[in-house]
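See structure below.
There are 2 protein chains.
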Amino acid sequence: MSLVTLDDIRLAHKRIGSYIHWTPVMTCAALDRISGAHLHFKCENFQKIGAFKIRGATNAVFLLDDKEAAKGVVTHSSGNHGAAVTQAAVWRGINATVVMPENSSEVKKQAVAEYGAKIIYCAPTDQDRQKNADDFIAESGATFIHPFNDVAVIAGQGTAAVELIADMTSSGKQLDFLLTPVGGGGLISGSCIATAALSPDTVIIGAEPQNADDAKLSLLEGRIMPVKKAHTIADGLRTCLGEHTFAIIRQHVSQILTASEQQIIDAMRLVWLRMKILIEPSAAVPLAAILANKKQFAGKRVGVIFSGGNVDLDALPF
Amino acid sequence: MSLVTLDDIRLAHKRIGSYIHWTPVMTCAALDRISGAHLHFKCENFQKIGAFKIRGATNAVFLLDDKEAAKGVVTHSSGNHGAAVTQAAVWRGINATVVMPENSSEVKKQAVAEYGAKIIYCAPTDQDRQKNADDFIAESGATFIHPFNDVAVIAGQGTAAVELIADMTSSGKQLDFLLTPVGGGGLISGSCIATAALSPDTVIIGAEPQNADDAKLSLLEGRIMPVKKAHTIADGLRTCLGEHTFAIIRQHVSQILTASEQQIIDAMRLVWLRMKILIEPSAAVPLAAILANKKQFAGKRVGVIFSGGNVDLDALPF
Numbered sequence: 212m213s214l215v216t217l218d219d220i221r222l223a224h225k226r227i228g229s230y231i232h233w234t235p236v237m238t239c240a241a242l243d244r245i246s247g248a249h250l251h252f253k254c255e256n257f258q259k260i261g262a263f264k265i266r267g268a269t270n271a272v273f274l275l276d277d278k279e280a281a282k283g284v285v286t287h288s289s290g291n292h293g294a295a296v297t298q299a300a301v302w303r304g305i306n307a308t309v310v311m312p313e314n315s316s317e318v319k320k321q322a323v324a325e326y327g328a329k330i331i332y333c334a335p336t337d338q339d340r341q342k343n344a345d346d347f348i349a350e351s352g353a354t355f356i357h358p359f360n361d362v363a364v365i366a367g368q369g370t371a372a373v374e375l376i377a378d379m380t381s382s383g384k385q386l387d388f389l390l391t392p393v394g395g396g397g398l399i400s401g402s403c404i405a406t407a408a409l410s411p412d413t414v415i416i417g418a419e420p421q422n423a424d425d426a427k428l429s430l431l432e433g434r435i436m437p438v439k440k441a442h443t444i445a446d447g448l449r450t451c452l453g454e455h456t457f458a459i460i461r462q463h464v465s466q467i468l469t470a471s472e473q474q475i476i477d478a479m480r481l482v483w484l485r486m487k488i489l490i491e492p493s494a495a496v497p498l499a500a501i502l503a504n505k506k507q508f509a510g511k512r513v514g515v516i517f518s519g520g521n522v523d524l525d526a527l528p529f
Numbered sequence: 212m213s214l215v216t217l218d219d220i221r222l223a224h225k226r227i228g229s230y231i232h233w234t235p236v237m238t239c240a241a242l243d244r245i246s247g248a249h250l251h252f253k254c255e256n257f258q259k260i261g262a263f264k265i266r267g268a269t270n271a272v273f274l275l276d277d278k279e280a281a282k283g284v285v286t287h288s289s290g291n292h293g294a295a296v297t298q299a300a301v302w303r304g305i306n307a308t309v310v311m312p313e314n315s316s317e318v319k320k321q322a323v324a325e326y327g328a329k330i331i332y333c334a335p336t337d338q339d340r341q342k343n344a345d346d347f348i349a350e351s352g353a354t355f356i357h358p359f360n361d362v363a364v365i366a367g368q369g370t371a372a373v374e375l376i377a378d379m380t381s382s383g384k385q386l387d388f389l390l391t392p393v394g395g396g397g398l399i400s401g402s403c404i405a406t407a408a409l410s411p412d413t414v415i416i417g418a419e420p421q422n423a424d425d426a427k428l429s430l431l432e433g434r435i436m437p438v439k440k441a442h443t444i445a446d447g448l449r450t451c452l453g454e455h456t457f458a459i460i461r462q463h464v465s466q467i468l469t470a471s472e473q474q475i476i477d478a479m480r481l482v483w484l485r486m487k488i489l490i491e492p493s494a495a496v497p498l499a500a501i502l503a504n505k506k507q508f509a510g511k512r513v514g515v516i517f518s519g520g521n522v523d524l525d526a527l528p529f
């Protein structure tokens, strides 16, 4: 039996549909010329909170029963998932708490606070983070919303591929490939389930930084491999897979492509300059992988999920 | 008799419609909250060559008869208008020549060359530029395409407002205000004609940098005033009006708002961060003016033309 089914994704889409954007699919003649492929970009950078993460978080938060929900939700991501959980909690009218290291940047603290989260500061270690979250859960009864290793979150993330495939189908087109970035694997897992059911001839490929190629190694080794270095500008992709996401990826994904730091930066710059849209480094990894492997995609119709657009303009790589 | 009529703009739209994009109109909940107005952004940053200038240039180039066209076109703008004239000439299958100072940046030289223009280098003075253009015209018979003071160019620029008003009307909405940047005045002139005819209750307002407030002064003085300083990041707005654009502006525009350099930079940054799209400094001037004059626009429905998205990522103001 599957962990997550197309039905779960369909129900998730109904549950979250009035809160999130059905984001546009963009094309770019210049990038088609440069890549030699027909590229279709699903623009989750235009999504609420600026990233696809709002899909899974909203599904998880709205799946709680009223009694659970009344006790609030908690997470320890201060990035897109933290913003997503907080925004979803605000929509549901419940409390969100984010545990974050006291040495986090002011920008991150401010962003989380602006969305409306209560912040618990901890020492900058994984253990103290987890301990603070566990203590808070024990005391408040709040529900922990995992950033990816959660079936409700995976189902929610799958709704982006459902929209992309629906938009392609309604314009009479079928994708040969669909590429998504891979961090913890929530997005690609949901995309796999949706694609296998709705567009079975589309080959799904993961993309990750060379410097955080744990998903590629995990597929090779047949077990979840840790991230060794993770010195990558693609800060959304520094995590390793979870058991649920690994199980789904193992079943559906046969290829993970990687890109170097320079390739990621170049791809991001290309999108900014040619498409006039902001994507964050993690979102640029699939395009970087396509440009580094042009032969495989020559003449093909390729879907790419631009996963988010939250960039720090004061710390640009160019 | 009017210099340019709605019919001219309608015909221009037919002439150029298959070459250019009908660009999207975007809204942004965060910017509505910040401004207190209902803002509708016409995204000419997504236009061919990355700016509205392609509309006027394409109309002018395609209006030439075959004999004129065969001799080619020439301009001395190395910015958006130069790119636009060159692209339009490529579409028509004729030669484009751009006269530019030999000390222009490599980026500009490369961009003009990439679009396919022949470049004539001149000394970095207005006189030498004009002399080189005149000499080339005398020798080749090429047609000079003025960046704004040309009825065909003005009619072409008016097509952006036609699209914006059509999209508003089809969603059952009417603009209280329409703001455009003002440089030489081509965009606002075309927008005036279109708006007066199609949405007569919409008040049209120009926006320019405080440091290049020649249009405001020209309206006050009743004659074309030169640009005094023009030390502005909004490099598309450093020119003064022409006789045609001044005549139209004088008839239709009662208010020109200005914005400081810091306000322009802040508005540009806000759009990048909140809307996840790239606009160039000139395009940010109307939003900067709205945010500096919130009271006037409170609760109103306001159209804004984002005139272009061509930025130098190696010379950002933040």
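Sequences listed follow chains S and L, in order. This note's numbering numbers the first residue of the first sequence as 212 and each following residue consecutively. This note's numbering numbers the first residue of the second sequence as 212 and each following residue consecutively. Each residue gets a CB set at the ideal place from its N, CA and C atoms; glycine is no exception.
Minimum Cα-Cα distance from residue 395 (chain S) among the listed residues S:249, S:502, S:300, S:456 corresponds to S:456. Our two residues, residue 258 (chain S) and residue 498 (chain L), have alpha carbons roughly 22 Å apart in a direct line. When Cβ-Cβ separations below 8 Å define contact, residue 488 (chain L) makes contact with chain S. Taking residue 230 (chain L) as the centre and dropping the five residues before and after it, the same chain places the C-beta of 269, 302 closer than 6 Å to its C-beta, in chain order.
In terms of Cα proximity to residue 452 (chain S), the closest of S:425, S:518, S:475 is S:425. Judged by DSSP in its simplified three-state form, residue 248 (chain S) adopts coil rather than helix or strand. Residue-level contact by beta carbon holds for residue 483 (chain S) and chain L, with a gap shorter than 8 Å.
Put simply, the CB of residue 303 (chain S) is far from chain L, with every gap to its CB atoms at 8 Å or more.
The C-beta separation of residue 493 (chain S) from residue 431 (chain S) comes to about 22 Å, leaving the pair out of contact by the 8 Å criterion.
Against chain L, the CB of residue 446 (chain S) has no partner CB under 8 Å away; the residue lies outside that interface.
Cβ-Cβ distances below 7 Å link residue 289 (chain L) to 309, 311, 315, 319, 323 in the same chain, with the five nearest sequence neighbours on each side left out; the list follows chain order. Cβ-Cβ distances below 7 Å link residue 407 (chain S) to 463 in the same chain, with the five nearest sequence neighbours on each side left out; the list follows chain order. Residue 263 (chain S) is outside the set of residues whose beta carbon lies under 8 Å from a beta carbon in chain L. At least one CB atom of chain S sits nearer than 8 Å to the CB of residue 525 (chain L). When C-alpha distances from residue 274 (chain L) are compared across L:252, L:219, L:264, the shortest belongs to L:219. Within the DSSP secondary-structure output, residue 237 (chain S) pairs in a beta bridge with S:252. Non-local beta-carbon contacts of residue 366 (chain S) in its own chain, meaning distances under 7 Å to residues more than five positions away in sequence, involve 215, 219, 220, 223, 270, 401 in chain order. The beta carbon of residue 422 (chain S) sits closer than 7 Å to those of 440, 441, 442, 443, 472, all from its chain and outside the five residues before and after it, given in chain order. Relative to residue 245 (chain S), the option among S:523, S:502, S:527, S:513 whose CA is nearest is S:502. By the criterion of at least three beta-carbon pairs nearer than 8 Å, the segment 481-493 of chain L is in contact with the segment 514-528 of chain L. Bridge partners of residue 512 (chain L) according to DSSP: L:249.
The beta carbon of residue 292 (chain S) sits closer than 7 Å to the beta carbons of 264, 268, 286, 358 from its chain, once the five residues preceding and following it are set aside; these are given in chain order. DSSP, reduced to helix, strand and coil, places residue 498 (chain L) within a helical segment of the structure shown. Ranking L:413, L:213, L:356 by CA distance to the CA of residue 379 (chain L) puts L:413 first.
Across the set S:507, S:509, S:233, the C-alpha of S:233 shows the shortest separation from the C-alpha of residue 369 (chain S). Contact with chain S is found for residue 520 (chain L), since one of that chain's Cβ atoms lies less than 8 Å from the residue's Cβ.
Not a single CB atom of chain L sits nearer than 8 Å to the CB of residue 343 (chain S). Counting C-beta pairs with one atom in each stretch, the segment 473-488 of chain L and the segment 235-253 of chain L have three or more that are closer than 8 Å, which means they touch.
Not flagged as an interface residue toward chain S: residue 347 (chain L), since no C-beta distance is shorter than 8 Å. 256, 257, 261: these are the residues of the segment 250-276 of chain L whose beta carbon lies less than 7 Å from some beta carbon of chain S, given in chain order. Of all residues in the segment 221-245 of chain S, none places a beta-carbon less than 7 Å from a beta-carbon of chain L.
Scanning its chain for C-beta atoms nearer than 6 Å, with the 5 sequence neighbours on each side dropped, one finds around residue 294 (chain L) the residues 260, 326, in chain order.
Take the alpha-carbon of residue 446 (chain S) and the one of residue 241 (chain S): they are about 27 Å apart.
In the structure shown, residue 468 (chain S) adopts extended strand secondary structure according to DSSP, grouped into three states. Neighbours of residue 461 (chain S) in chain L, taken as residues whose beta carbon is under 7 Å from its own, are absent, since the nearest beta carbon is some 33 Å off. For residue 395 (chain L), the three-state secondary structure derived from DSSP is coil.
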